[in-house]
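Position 146 of the sequence shown, counted from 1, bears residue number 185 in our numbering, the numbering being contiguous throughout.
Take a look at the structure below.
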Amino acid sequence: MEGRPGFTWQAYRDLLALLRANGYEPAGYDDWQSKARPVILRHDIDNSIEKARIFARMEQECGVQSTWFVLLTSDFYNVFSAASTRGLRDIMACGHEIGLHFDEVNYPDIVGNVDAIREKILQEADLLQFVTGKPVTKVSMHRPSKDILAADLEIPGMVNSYSKLFFHDFKYLSDSRHHWREPVLDIIKSRQYPRLHILTHAIGYGPTDTDLEQWARGFIGPAQVDRWDILNRNFTDLPSVLPRESLQ
Ligand SMILES: [Zn+2]
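Here it is, written out as structure tokens:
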């Protein structure tokens, strides 16, 4: 679509090059004030740490650092598994930072209770630190409710990426639902915003461009092979029961 990046790894590399060409410098949530035209590159890991790891490596090759937000409560990945821990350490080894991706839906009993939500965020950040071995000082919300956005949560010792500062005083651009709502490329070229905050979901990117249906099929389809591999590590002689090649 005109003015919008595609969903390929190359399209993302081109996006980074366009940012550079227009004077934007990749920045973190702590050091953006030292940049003339900061762009905060944020990634929420909603589905796959492995896909995140590949994308994070690519960013490192492009010479940029970013912040990766991880769910503790995902049904798709277990942050405490050996593979996840390795993946997150790989992402950190690329020079990126790990933050907490917080899903308020897991705490239906405290909806609207700002103090209790703040406490849960701090507890989850501690648990994530157990995995990363480093203090977790950034948080982003997974599918935030209007209430949690309006609360403009201040959390001791942490940066809220949905605070008014980063959500309103920066121009916020997101590829949520595999769709750039705004013509991101035109916005960058216009240079009209001095500060950008760009959210991408690595799971949506690959060697070739995909529409929403192809994206969903590409995520769901190969899952039986992934599940077979996990079962094979925990089950004697799975191939004699169900050969891997017999999977679709
Ligand atoms: Zn999310």
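Note that the Cβ used here is the ideal one computed from N, Cα and C, for glycine as well.
8 Å contact criterion, which ASP214 and LEU238 should meet: CB distance rounded
7 Å
When we look at the beta-carbon of ARG272 and count the other beta-carbons within 10 Å, is it buried (16 or more) or exposed?
exposed
Output yes or no for whether 8 Å exceeds the beta carbon distance between MET197 and GLU143.
no
Could you check the C-alpha separation between PRO246 and LEU224 for me, to the nearest Å?
20 Å
Please tell me whether, using a cut-off of 7 Å, the distance from the CB of ASP165 to the nearest non-hydrogen atom of ligand 1 is below it.
no
Just how far apart, CA to CA, sit TYR353 and PRO44?
Here the chain covers residues 40 to 287 and nothing more, so residue 353 does not appear.
VAL178 and ASN145 - do their beta-carbons sit closer together than 8 Å?
no
SER73 and TYR116 closer than 8 Å at C-beta
no
Nearest to PHE141 (by Cα), restricted to the options LYS90, LEU111 and ILE194:
LEU111
Using a Cβ distance threshold of 8 Å, determine whether the segment 153-161 contacts the segment 128-138, with at least three qualifying pairs required.
No, the segment 153-161 is not in contact with the segment 128-138.
Given that a residue counts as buried once 16 or more other Cβ atoms are within 10 Å of its Cβ, and exposed if not, what is VAL109?
It counts as buried.
Only counting the same chain, and skipping five residues up and downstream in sequence, which positions put a Cβ closer than 6 Å to that of LEU54?
The answer, listed in chain order, is PRO44.
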